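> Chains A and B, in that order, are what the protein sequence lines are. At position 84 of the first sequence the residue is numbered 72 (the numbering used here), and the sequence of numbers has no breaks. Numbers given in the numbering used here equal positions in the second sequence, counted from 1, plus 16. Have a look at this one.
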Amino acid sequence: MPFGLIKDIDSYSKIINEILKYEISFNILKFSTGSRGINILIDIPEDKIKSITESLEKNNVIINKKGRVLVDLMKCVDCGACICLCPTEALHFNDEIRLEYLDDKCIGCLLCVDSCPRQVITENK
Amino acid sequence: MTKTYSEINEKIKNGNVVVVTAEEMIKIVEENGPKVAAEEIDVVTTGTFGPMCSSGAFLNFGHSDPPIKFEHLWLNDVHAYHGNAAVDCYIGCTRMADIRPFEYGGGHVIEDLVAKKPIRLRGISYTTDCYPLAEINTEFTIDDINQAILCNPRNAYQRYVCAVNSSDKTLYTYMGKLLPHFGNAHYAGAGCLNPLSNDPDYETIGMGTRIFLGGGTGYVIGEGTQHNPKNRQGTLFLKGDLKQMTPEYLRGVTYEKYGTSIFVGVGIPIPILNEGIAIKTAIKDEELITDVVDYGLPRRDRPALTKVSYKELKSGFIELNDKKVKCSSMSSLYYARKIAKELKKWIQDGKFFLNPPAETLSTETTFKPMKQKDELKFVRDLKKEAVTCYEDCDIKTVAEKIIYSNSNHIVIINHKNVLVGIVTSFDITRAIAEEKGILKDIMTRRVITTTDNEPLDIAARKMKLNEISALPVIDDNKIVIGIISSEELM
Chain A
-11 MPFGLIKDID
-1 SYSKIINEIL
9 KYEISFNILK
19 FSTGSRGINI
29 LIDIPEDKIK
39 SITESLEKNN
49 VIINKKGRVL
59 VDLMKCVDCG
69 ACICLCPTEA
79 LHFNDEIRLE
89 YLDDKCIGCL
99 LCVDSCPRQV
109 ITENK
Chain B
17 MTKTYSEINE
27 KIKNGNVVVV
37 TAEEMIKIVE
47 ENGPKVAAEE
57 IDVVTTGTFG
67 PMCSSGAFLN
77 FGHSDPPIKF
87 EHLWLNDVHA
97 YHGNAAVDCY
107 IGCTRMADIR
117 PFEYGGGHVI
127 EDLVAKKPIR
137 LRGISYTTDC
147 YPLAEINTEF
157 TIDDINQAIL
167 CNPRNAYQRY
177 VCAVNSSDKT
187 LYTYMGKLLP
197 HFGNAHYAGA
207 GCLNPLSNDP
217 DYETIGMGTR
227 IFLGGGTGYV
237 IGEGTQHNPK
247 NRQGTLFLKG
257 DLKQMTPEYL
267 RGVTYEKYGT
277 SIFVGVGIPI
287 PILNEGIAIK
297 TAIKDEELIT
307 DVVDYGLPRR
317 DRPALTKVSY
327 KELKSGFIEL
337 NDKKVKCSSM
347 SSLYYARKIA
357 KELKKWIQDG
367 KFFLNPPAET
377 LSTETTFKPM
387 KQKDELKFVR
397 DLKKEAVTCY
407 EDCDIKTVAE
417 KIIYSNSNHI
427 VIINHKNVLV
437 GIVTSFDITR
447 AIAEEKGILK
457 DIMTRRVITT
467 TDNEPLDIAA
477 RKMKLNEISA
487 LPVIDDNKIV
497 IGIISSEELM
């Protein structure tokens, strides 16, 4: 999932147009402004990642591809410390109150990684 | 009707004791009433499994040849305490390894020890005529040493608070990672399964009570530190033989930027001696209330924002200021249940007997704050007037102000005196080197600030953590009312 860092509002519309050229729908998962410009986190289909990344980079957009996380359940003590950090419920309890991780739901925000007291969760680089 | 410990133990011996867990007891009392429940149920088991920072173990290694009296010793690079006889030591779970602190600590040493892993021992001594050895380096496993006594001055809190964070920075605490602006909430404790919550007047739990501890048998040896019966926050001092415990119920943990600790499995059986006790062991999560406390304030007395029940906490969300805040536990409910069930099985199998305590826990102990002989000092006591410039100032004017006021920090404000940024003499120098001409481009906009009422120690820590040497002082409306620098703090 490319994470674009752009300088001004014109570039933002540039990005949208680039992606629209490909005629796909995408989700904006996160939109924030920082001291260095606008950050947006977008979710696009896997098969379009390469082509869209290339065209965004041509427009001087800095792309950070965020991976998801790796969860080593062998070390887990099912406490739940990570669960309230997860915005999408990728990390959640099953009926037995044991930790379950759904990779499909993970958006790679990485908020959970340093919340685990057993170092169960690591970034999937 | 009343039962005695002897009657219950007789039933355990004969294999016809009736044991249920604290969760199961709720339904039994609900459906049959406490009178019938008291007649039919003999024992209710409870359990909890969570981080318990006041835990550690006494170890005795046996004597070396030539003999050594430890002055300092390390177990896997974790400093253990020596202050007793020659080869006795105490390894505490929150002491971190000299090498790779925040990754490995006393809690991990205990887990590794119980898991029968080899532990490195290094010791040094000032030497005596009877203990002439100066240094020792060796390795041992739990089977090699003499006593290994788990000895935990504070375990199994009766209940604990729910922590939130109102500040604008993520906090890393013993209540886990707390996101800013009430981004999440953490609670601790097993709720209706919690041992002391099922015996809230301490009628059966006390000195000598036999318990499930760390996967083996242990004993209550009295009230724990910070025991606070008047606030229904009782604690227990527990001990047991590490050699018959298991690493499943003693797990070393690390809380990011906070430190290490250990998860301890505790399970306590409650004899249903009368109807009153039957009612108490049927306590429900919705009846167990605790406070939501704001850890955003770095002071001892943190504000309690609202009350919440363990039912609400276990639901995964709490309501705060009309918003739903995602909430999860620091302790494992899954393992709390497993412990209660395992203890139930031990009793049913005739392997575990109950015993009356030599003394029950105190209901009168008071929980006091630390006596501090020095009065607390605040930013308002030491701040000076800030040297300011408007944001539309040119850089030359700012540079002149730095020289004229002999001050390294210029606070940038708008025409309403509201803080917009800060500039140091280094920033000005860099601006010249990089040929940047506009103040707005070189000033730091994300300013770390302080307030009149912040204790000086907190302000000093802020400067240290952020590697800066001054903090503008602002009021509730972000208006600049002064500045405090590391010079004033020296």
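Cβ atoms here follow ideal geometry from the backbone N, Cα and C, with glycine treated the same way. Quick caveat, the model's predicted, so the values are computed rather than measured.
For the stretch 278 to 305 of chain B, which residues have a CB atom closer than 8 Å to at least one CB atom of chain E, in sequence order?
Absent here is chain E; the protein component of the structure consists of chains A and B.
> Can you confirm whether the stretch 422 to 432 of chain B touches the stretch 345 to 359 of chain B when touching is taken to mean that 3 or more C-beta pairs between the two stretches lie within less than 8 Å?
no
> Using a Cβ-Cβ cut-off of less than 7 Å, list which residues of the stretch 55 to 80 of chain A approach chain B; keep chain order.
65, 66, 67, 68, 69, 71, 72 and 73
> Would a check of beta-carbon distances place residue 31/B closer than 8 Å to chain A?
As a working note, residue 31/B is residue 15 in the second sequence. It does not; no Cβ of chain A falls within 8 Å.
> Can you check whether the CB of residue 268/B is closer than 8 Å to the CB of residue 123/B?
For the purposes of this step, residue 123/B is taken as the residue at position 107 of the second sequence. For the purposes of this step, residue 268/B is taken as the residue at position 252 of the second sequence. Closer than 8 Å, so yes.
> I think residue 488/B touches residue 402/B, with their Cβ atoms under 8 Å apart; what is that distance to the nearest whole Å?
Taking the second sequence and counting its residues from 1, the one referred to as residue 488/B is at position 472. Taking the second sequence and counting its residues from 1, the one referred to as residue 402/B is at position 386. At roughly 6 Å, the Cβ-Cβ gap stays under 8 Å, so residue 488/B and residue 402/B are in contact.
> Going by DSSP, what residues sit across from residue 466/B in a beta bridge?
The residue labelled residue 466/B in the question sits at position 450 within the second sequence. Per DSSP, 489/B.
> Please report the distance separating the alpha-carbon of residue 329/B from that of residue 348/B.
As a first step, residue 329/B must be located in the second sequence, where it is residue number 313. As a first step, residue 348/B must be located in the second sequence, where it is residue number 332. Going from the Cα of residue 329/B to the Cα of residue 348/B covers about 13 Å.
> In this structure, how does DSSP classify residue 33/A when only helix, strand and coil are distinguished?
If you number the first sequence from 1, residue 33/A lands on position 45. The answer is coil: DSSP assigns residue 33/A none of H, G, I, E or B.
> Within its chain, find whatever has a CB closer than 8 Å to the CB of residue 110/B; leave out the 5 residues flanking it on each side and keep chain order.
Mapped onto the second sequence, residue 110/B falls at position 94. Closer than 8 Å at the Cβ level, and outside the excluded window around residue 110/B, lie 69, 121, 122, 123, 275, 276 and 277.
> Could you have a look at residue 163/B and say whether DSSP puts it in helix, strand or coil?
Translated into positions along the second sequence, residue 163/B becomes position 147. In the structure shown, residue 163/B sits in coil (DSSP, three-state: anything other than H, G, I, E or B).
> Taking Cβ positions only, does residue 85/A come closer than 8 Å to chain B?
Here residue 85/A is taken as the residue at index 97 of the first sequence, counted from 1. Taking Cβ atoms only, chain B reaches closer than 8 Å to residue 85/A, which makes this a yes.
> For a contact meaning CB atoms closer than 9 Å, what does residue 111/B contact in chain A?
For the purposes of this step, residue 111/B is taken as the residue at position 95 of the second sequence. Per Cβ cutoff of 9 Å: no residues; residue 111/B is ~16 Å from chain A at best.
> Applying the 10 Å Cβ sphere with the 16-neighbour rule, what's the burial state of residue 255/B?
By one-based count along the second sequence, residue 255/B stands at place 239. Label assigned to residue 255/B: buried.
> For a contact defined as C-beta to C-beta under 7 Å, what are the partners of residue 129/B on chain A?
Here residue 129/B refers to the residue found at position 113 of the second sequence. The premise fails here: residue 129/B is roughly 18 Å from chain A at the closest Cβ pair, so nothing lies under 7 Å.
> Could you check the C-alpha separation between residue 140/B and residue 343/B for me, to the nearest Å?
Here residue 140/B is taken as the residue at index 124 of the second sequence, counted from 1. Here residue 343/B is taken as the residue at index 327 of the second sequence, counted from 1. Looking at the two C-alpha atoms, the distance is approximately 47 Å.
> Name the chain B residues whose beta carbon is nearer than 9 Å to that of residue 43/A?
Position 55 of the first sequence holds residue 43/A. Residues of chain B passing the Cβ test: none, with the nearest at roughly 30 Å.
> Pull the bridge partners of residue 202/B from the DSSP assignment, please.
Start at 1 with the first residue of the second sequence, and residue 202/B comes out as number 186. DSSP, once it has assigned bridges, lists 179/B and 344/B as partnering residue 202/B.
> Less than 8 Å separating the beta-carbons of residue 271/B and residue 188/B?
Position 255 of the second sequence, counted from the first residue, corresponds to residue 271/B. Position 172 of the second sequence, counted from the first residue, corresponds to residue 188/B. Yes, these two residues count as a Cβ contact at 8 Å.
> Closer than 7 Å by beta-carbon distance: list the chain B residues that pair up with residue 102/A, in chain order.
Here residue 102/A corresponds to residue number 114 of the first sequence, with the count starting at 1. Going along chain B in sequence order, the residues near residue 102/A (Cβ under 7 Å) are 193 and 272.
> Which residues share a DSSP beta bridge with residue 540/B?
Chain B is shown from 17 up to 506; residue 540/B falls before or after that span and cannot be answered.
> Can you check which of these residues, 147/B, 104/B, 144/B and 117/B, is closest to residue 137/B by C-alpha distance?
Looking up residue 137/B in the second sequence gives position 121. Among 147/B, 104/B, 144/B and 117/B, the Cα nearest to that of residue 137/B is on 104/B.
> For residue 326/B and residue 248/B, what's the separation of their Cα atoms in angstroms?
Looking up residue 326/B in the second sequence gives position 310. Looking up residue 248/B in the second sequence gives position 232. Roughly 14 Å separates the two Cα atoms.
> In chain order, what residues of the same chain lie with their CB nearer than 7 Å to the CB of residue 433/B, ignoring the 5 residues before and after it?
Along the second sequence, one-based indexing puts residue 433/B at 417. The answer, listed in chain order, is 495 and 496.
> Which term fits residue 90/A, buried or exposed, when burial requires 16 or more other beta carbons within 10 angstroms of its beta carbon?
As a first step, residue 90/A must be located in the first sequence, where it is residue number 102. Flag for residue 90/A reads exposed.
> I'd like to know whether the C-beta of residue -9/A is nearer than 8 Å to at least one C-beta of chain B.
The residue you call residue -9/A lines up with position 3 of the first sequence. Because residue -9/A carries a pLDDT of 43, less than 50, the predicted location of this residue cannot be relied on, and the following value inherits that uncertainty. With 8 Å as the cut-off, residue -9/A does not count as an interface residue toward chain B.
> So the alpha helix (DSSP H) residue 443/B belongs to, where does it begin and stop?
Within the second sequence, numbered from 1, the residue matching residue 443/B stands at position 427. Here the alpha helix (DSSP H) through residue 443/B covers 441 to 449.
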